[in-house]
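Asks: One structure is given below, represented as structure tokens, and several questions about it will come after.
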Amino acid sequence: MAQVIYDHVTKRFDGVIAVNDLTLEVKDGEFLVLVGPSGCGKTTALRCLAGLEEVTSGDIIIGDRVVTHIPPKDRDIAMVFQNYALYPHMTVYENMAFGLKLRKMPKQEIDRRVKEVAEMLGIQDLLNRKPRQLSGGQRQRVALGRAIVREPQVFLMDEPLSNLDAKLRVQTRGELIKLQRRLGVTTIYVTHDQVEAMTMGHRIAVMNQGVLQQLDTPENLYDHPANLFVATFIGSPAMNIFPARVVAGDGTVRLVAGDVTLEAPAEQRGRLAEYANREVLVGIRPEDLIVQPGQVSEDRQLRLPVEIVEPLGSETLVHLRGPAGALIAKADPHLHFSPGELASVRVKIEHMHAFDPQTELALF
Amino acid sequence: MVGSNRLSSRLFLLYLPLAFFTVFLLFPFYWMLIISLKPNSLLLNMKINPLYLTQFTLEHYRYLLTNTDFPRWALNTAVVTFGATFLSLTSSILMGYALGRFRFRGGNLAGTAIFLAYLIPPTLLFIPLSQVVARFGLYNSYWALILTYPTFLIPFASWLLMGYFRTIPRELEECAMIDGASRFQAMWRIILPLALPGVLSAGIFSFTLSWNEFLYALVFMGSGEMKTIPVGTVSDLIRADVFQWGPLMAAAMLGSVPVAIAYMFFVDQYVSGLTAGAVKG
Chain A
3 MAQVIYDHVT
13 KRFDGVIAVN
23 DLTLEVKDGE
33 FLVLVGPSGC
43 GKTTALRCLA
53 GLEEVTSGDI
63 IIGDRVVTHI
73 PPKDRDIAMV
83 FQNYALYPHM
93 TVYENMAFGL
103 KLRKMPKQEI
113 DRRVKEVAEM
123 LGIQDLLNRK
133 PRQLSGGQRQ
143 RVALGRAIVR
153 EPQVFLMDEP
163 LSNLDAKLRV
173 QTRGELIKLQ
183 RRLGVTTIYV
193 THDQVEAMTM
203 GHRIAVMNQG
213 VLQQLDTPEN
223 LYDHPANLFV
233 ATFIGSPAMN
243 IFPARVVAGD
253 GTVRLVAGDV
263 TLEAPAEQRG
273 RLAEYANREV
283 LVGIRPEDLI
293 VQPGQVSEDR
303 QLRLPVEIVE
313 PLGSETLVHL
323 RGPAGALIAK
333 ADPHLHFSPG
343 ELASVRVKIE
353 HMHAFDPQTE
363 LALF
Chain B
37 MVGSNRLSSR
47 LFLLYLPLAF
57 FTVFLLFPFY
67 WMLIISLKPN
77 SLLLNMKINP
87 LYLTQFTLEH
97 YRYLLTNTDF
107 PRWALNTAVV
117 TFGATFLSLT
127 SSILMGYALG
137 RFRFRGGNLA
147 GTAIFLAYLI
157 PPTLLFIPLS
167 QVVARFGLYN
177 SYWALILTYP
187 TFLIPFASWL
197 LMGYFRTIPR
207 ELEECAMIDG
217 ASRFQAMWRI
227 ILPLALPGVL
237 SAGIFSFTLS
247 WNEFLYALVF
257 MGSGEMKTIP
267 VGTVSDLIRA
277 DVFQWGPLMA
287 AAMLGSVPVA
297 IAYMFFVDQY
307 VSGLTAGAVK
317 G
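As given, the protein sequences belong to chains A and B, one line each in that order.
So the first sequence is numbered by the working numbering: it starts at 3 and just counts up by one.
So the second sequence is numbered by the working numbering: it starts at 37 and just counts up by one.
So, in structure tokens, the structure goes:
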């Protein structure tokens with residue numbers, strides 16, 4: 003077990019910067035998820051750590067060892083690939099024993115470890131099979147077992163669940179979390195799936211265009227996104243974003259977007275006052291729009307027309323015609339909305355976000 | 037396919053054409069076989085049907101093995117063939133792997149250049165090559181052929197292997213290297229076993245071409261007892277306009293046996309090697 007440090011790591015491919023000045027510290031035993039859209043550099047960052055890509059500049063440290071120029075075989079890591087990369091000409095047993103054999107471990111010790119891990123993963127009956135005789139889920143377990151049996155300092159996982167069907171993915175996700183907590187091995191997990199990121203990681207690193215956007219716990223990432231990208235990337239449906247003009251006066255600060263006026267939260271008035279008579283980007287999560295059909299006589303209600311209704315069973319997504327494009331609200335599934343009608347909307351002001359339109363950094 | 041299973045349509049579309057081609061392709065071998073087994077008295081007798089045997093004799097084989105240098109030719113051919121095949125295969129595996137796997141400046145250019153080298157006819161190449169062979173003092177030694185055959189074997193074999201290596205997922209050897217293998221170990225223990233059909237294809241290709249090669253063998257190693265089977269057969273069994281048909285055909289038969297055996301053993305792998313990567317799965 004060990005900590006992992008990226009120290010100003012940059013990776014360039016023929017002029018394209020895949021990872022840009024990445025500095026990141028993964029604690030001993032931590033489950034860190036690297037998440038971002040495809041092409042954001044998360045896989046490249048992982049491959050740099052594995053030693054499969056040479057970094058252009060910067061250093062990578064595993065434990066207390068600088069491994070920047072050490073070949074993959076000497077880094078004491080194990081990796082689970084998206085397509086599992088099982089050796090097709092070897093049995094499950096041989097697949098799992100391969101790394102141990104290369105390290106010249108005694109036969110009995112190899113046998114003991116392979117069988118122990120196989121039992122832990124419930125694949126002890128598959129040890130004599132070849133990979134092509136296994137189902138997708140079984141292959142995934144073997145790939146995982148091959149990594150675990152090595153007892154490495156760090157696990158690297160590159161979208162290991164994305165080839166499984168939806169039901170199996172949810173189940174395996176849970177097992178993987180339990181397994182990691184039990185083994186306590188530092189794990190770096192790459193995914194583009196924000197649900198996986200939110201549910202699995204102790205902390206999440208969000209990347210975009212090679213740049214680390216934010217590194218924080220799932221809760222903080224969701225409640226306090228550092229910038230517009232993180233705010234819209236994490237959460238489904240995405241946070242509603244629209245421009246609004248800041249109007250200050252009479253001891254209040256209001257945000258005006260078209261014919262919608264919102265009163266800014268009291269504790270943010272100071273921050274917003276700097277933007278008086280300028281535009282900011284307002285962000286509101288779908289669950290922070292309390293929406294009801296028809297008119298409700300209550301304070302601070304907006305009335306917006308319903309455009310589309312998406313009943314999902316556990317909740318209903320209501321698309322409202324907002325000041326700039328659609329606003330999506332999560333509503334109680336028992337309420338009935340009809341497209342074309344007006345709905346009453348209350349904004350949970352205290353959970354509102356605002357972003358600078360130029361820098362896209364969060365104001366609050 | 038629907039409707040293609042009726043006996044008559046199978047007969048006309050499948051079995052008849054197949055039978056035609058089989059007869060067409062096997063007839064020369066049949067001809068070789070019956071001539072090599074016919075007594076001399078019947079060979080040039082125009083009155084009997086030449087297509088089947090009425091009497092047979094092993095006299096031509098006995099003559100070939102005792103009165104000519106055929107055993108020595110066979111040894112020469114074997115040494116040259118195994119030497120050239122081993123050398124070509126080793127180089128082609130390394131080159132094919134490098135071209136198929138590594139990204140480096142000029143890599144694609146090198147790949148194309150190697151393929152172009154294959155397109156130069158050996159009948160042109162032997163003129164400059166004969167100079168090279170002479171300068172190195174290799175005339176009439178095994179090395180003359182072991183070192184010149186790869187000039188046409190390596191380009192094709194490495195091209196074939198390059199394509200084959202590319203069909204093997206990169207992650208497999210990356211995973212092996214993380215598991216503790218060096219690049220060479222990963223290639224040896226993971227990639228080569230998976231590329232076996234391709235390696236066998238390249239090997240059979242090299243073996244066949246070397247075994248049957250005539251021109252270079254004639255020019256570089258064609259005198260005294262250093263002849264190969266194709267050269268020896270033609271030069272020693274044809275005296276001016278006298279064709280010793282019996283021994284000639286016996287030599288042709290014996291000469292094709294090793295190639296036939298090589299194909300027989302590896303035909304399944306050979307076929308899958310040539311079609312690898314055509315479809316997923």
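In this text, a Cβ means the ideal position worked out from N, Cα and C, and glycines have one as well.
What you are looking at is a predicted structure, and each value in this text was computed from that prediction instead of being measured.
What residues in its chain sit with their C-beta under 6 Å from that of A:G212, if we drop five residues either side in the sequence?
Replies: On the first sequence, residue 212 of chain A is found 210 positions in, with the first residue counted as 1. Cβ neighbours of A:G212 beyond the five flanking positions: I19, A20, V21, N22 and G43.
Asks: If contacts are defined as beta-carbon pairs under 8 Å, then A:T93 and A:R131 qualify, I think. What distance do you get, rounded to the angstrom?
Replies: Working through the first sequence from its first residue, we reach residue 93 of chain A at position 91. Working through the first sequence from its first residue, we reach residue 131 of chain A at position 129. Going by Cβ atoms, the distance from A:T93 to A:R131 rounds to 6 Å, so yes, they are a contact pair.
Asks: Per DSSP, what are the beta-bridge partners of A:L274 in this structure?
Replies: By 1-based counting over the first sequence, the position of residue 274 of chain A is 272. Note: A:L274 sits in no beta bridge, so no partner.
Asks: Consult DSSP for A:E29 and reduce its assignment to one of helix, strand or coil.
Replies: Residue mapping note: residue 29 of chain A aligns to position 27 of the first sequence, counting from 1. Residue identity differs from the one stated: residue 29 of chain A is Lys in this sequence, not Glu. If DSSP states are grouped into helix, strand and coil, A:K29 belongs with coil.
Asks: For A:T263, which three-state DSSP category applies?
Replies: If you number the first sequence from 1, residue 263 of chain A lands on position 261. Reduced to three states, the DSSP call for A:T263 is strand.
Asks: Taking beta-carbon pairs under 9 Å, can you tell me which members of the region 223 to 234 of chain B lie near chain A?
Replies: Going along the region 223 to 234 of chain B in chain order, one finds R225, I226, P229, L230 and L232 with a Cβ nearer than 9 Å to chain A.
Asks: Whether or not the region 173 to 182 of chain B and the region 37 to 52 of chain A are in contact is what I'm after, with contact meaning three or more pairs of Cβ atoms, one per stretch, closer than 8 Å; do they touch?
Replies: Not touching, per the Cβ criterion.
Asks: What does the alpha-carbon distance come out to for the pair A:R348 and A:P295?
Replies: Counting from one through the first sequence, the residue named residue 348 of chain A turns up at place 346. Counting from one through the first sequence, the residue named residue 295 of chain A turns up at place 293. Going from the Cα of A:R348 to the Cα of A:P295 covers about 12 Å.
Asks: Counting beta carbon pairs with one atom in the region 223 to 235 of chain B and one in the region 98 to 118 of chain B, are three or more of them shorter than 8 Å?
Replies: Short answer: they don't touch.
Asks: Comparing alpha-carbon positions, which option in A:A333, A:G324 and A:R171 lies nearest A:E289?
Replies: Indexing the first sequence from 1 puts residue 289 of chain A at position 287. Taking only the C-alpha atoms, the option nearest A:E289 is A:A333.
Asks: Measuring CB to CB, does A:I330 end up less than 7 Å from A:H321?
Replies: Indexing the first sequence from 1 puts residue 330 of chain A at position 328. Indexing the first sequence from 1 puts residue 321 of chain A at position 319. Closer than 7 Å, so yes.
Asks: Examine the Cβ distances between the region 71 to 88 of chain A and the region 107 to 114 of chain A and report whether three or more of them are shorter than 8 Å.
Replies: No: the two stretches stay apart, fewer than three of their Cβ pairs being nearer than 8 Å.
Asks: Got a sec? Which residues, its chain only, sit under 6 Å from A:I351 by beta carbon, not counting five neighbours each side?
Replies: Numbered from its first residue, the first sequence carries residue 351 of chain A at position 349. The residues are P267.
Asks: In chain A, what lies closer than 7 Å to B:L208 by C-beta?
Replies: As a first step, residue 208 of chain B is located in the second sequence; it is residue number 172 there, counting from the start. Residues of chain A passing the Cβ test: A87 and Y89.
Asks: What is the residue span of the alpha helix (DSSP H) that A:R184 lies within?
Replies: Counting from one through the first sequence, the residue named residue 184 of chain A turns up at place 182. Its alpha helix (DSSP H) spans residues A168 to L185.
Asks: Quick one: residues in its chain with C-beta nearer than 8 Å to the C-beta of B:L79, no 5 flanking neighbours on either side, listed in chain order?
Replies: Looking up residue 79 of chain B in the second sequence gives position 43. Taken in chain order, the residues that qualify are I71, W281 and G282.
Asks: Could you give the DSSP three-state label for A:G210: helix, strand or coil?
Replies: Numbered from 1 along the first sequence, position 208 holds the residue referred to as residue 210 of chain A. The question names Gly, but residue 210 of chain A is Asn in the sequence shown. Reduced to three states, the DSSP call for A:N210 is strand.
Asks: Please compile the residues from chain E whose C-beta is within a distance smaller than 8 Å of the C-beta of B:Q221.
Replies: No chain E appears in the structure shown, which is made up of the protein chains A and B.
Asks: What does A:G101 touch in chain B if you count any residue whose Cβ is under 7 Å from its own?
Replies: Here residue 101 of chain A refers to the residue found at position 99 when the first sequence is read from its first residue. Here the neighbours are D215 and G216.
Asks: Please list the terminal residues of the continuous beta strand (DSSP E) segment that includes A:M92.
Replies: Locating residue 92 of chain A in the first sequence gives position 90, where the first residue counts as 1. Neither: A:M92 is in no beta strand (DSSP E) and is coded neither H nor E.
Asks: Between the region 23 to 33 of chain A and the region 198 to 211 of chain A, can you find at least three pairs of beta-carbon atoms closer than 8 Å?
Replies: Yes: the two stretches touch, three or more of their Cβ pairs being nearer than 8 Å.
Asks: Buried or exposed: B:L208, going by 16 or more other Cβ atoms within 10 Å of its Cβ?
Replies: Locating residue 208 of chain B in the second sequence gives position 172, where the first residue counts as 1. Buried: at least 16 other Cβ atoms inside 10 Å.
Asks: Can you list, in chain order, the stretches of the beta strand (DSSP E) that have 3 or more residues and sit fully within the region 70 to 147 of chain A?
Replies: Those beta strand (DSSP E) runs which fall completely within the region 70 to 147 of chain A and span 3+ residues are 79 to 82.
Asks: To the nearest angstrom, how far is the alpha carbon of A:I243 from that of A:N97?
Replies: Counting from one through the first sequence, the residue named residue 243 of chain A turns up at place 241. Counting from one through the first sequence, the residue named residue 97 of chain A turns up at place 95. Cα to Cα, the separation comes out at about 49 Å.
Asks: Thinking C-beta only, is A:I79 closer than 7 Å to A:V156?
Replies: The residue labelled residue 156 of chain A in the question sits at position 154 within the first sequence. The residue labelled residue 79 of chain A in the question sits at position 77 within the first sequence. A contact, by the Cβ cut-off of 7 Å.
Asks: Taking only three categories from DSSP, how would you classify B:L49?
Replies: Position 13 of the second sequence, counting from 1, holds the residue named residue 49 of chain B. Helix.
Asks: What are the partner residues of A:T367, as DSSP defines its beta bridges?
Replies: Look at the range of chain A in this structure, 3 to 366, and you will see that residue 367 of chain A is not part of it.
Asks: Answer yes or no: the CB of B:A134 versus the heavy atoms of the ligand ATP, is any distance below 6 Å?
Replies: The ligand ATP is not among the ligands present in this structure, which contains no ligands whatsoever.
Asks: Quick one: residues in its chain with C-beta nearer than 6 Å to the C-beta of B:G119, no 5 flanking neighbours on either side, listed in chain order?
Replies: Within the second sequence, the letter at position 83 stands for residue 119 of chain B. If we look at B:G119 and ignore the five residues flanking it on each side, its Cβ neighbours are I182.
Asks: By Cβ distance, which residues of its chain are closer than 7 Å to A:Q142, with the 5 residues on each side in sequence left out?
Replies: Locating residue 142 of chain A in the first sequence gives position 140, counting from the first residue. Excluding residues within five positions, the ones whose Cβ falls inside 7 Å are Y86, P162, L166 and T174.
Asks: Are there three or more Cβ pairs, one per stretch, closer than 8 Å when the region 112 to 124 of chain A is compared with the region 230 to 239 of chain B?
Replies: As far as the Cβ criterion goes, the region 112 to 124 of chain A does not touch the region 230 to 239 of chain B, which means the pair count is below three.
Asks: Within the same chain, show all residues whose beta-carbon is closer than 7 Å to that of A:L24, passing over the 5 residues directly before and after it, in chain order.
Replies: On the first sequence, residue 24 of chain A is found 22 positions in, with the first residue counted as 1. So the qualifying residues of the chain are Y8, V11, A47 and L214.
Asks: Is there a Cβ of chain B sitting closer than 7 Å to that of A:F33, yes or no?
Replies: The residue labelled residue 33 of chain A in the question sits at position 31 within the first sequence. For A:F33, the answer is no, since every Cβ of chain B falls outside 7 Å of its Cβ.
Asks: Grouping DSSP H, G and I as helix and E and B as strand, with all else coil, what is B:Y175?
Replies: Within the second sequence, residue 175 of chain B is the residue found at index 139, counting from 1. Coil.
Asks: In angstroms, rounded to a whole number, what distance separates the CA positions of A:A199 and B:S128?
Replies: If you number the first sequence from 1, residue 199 of chain A lands on position 197. If you number the second sequence from 1, residue 128 of chain B lands on position 92. Approximately 46 Å, taken between the alpha carbons.
Asks: Pull out every residue of the region 50 to 69 of chain A whose Cβ sits closer than 8 Å to any Cβ of chain B, in chain order.
Replies: So the list reads A52, G53 and L54, given in the order they occur along the chain.
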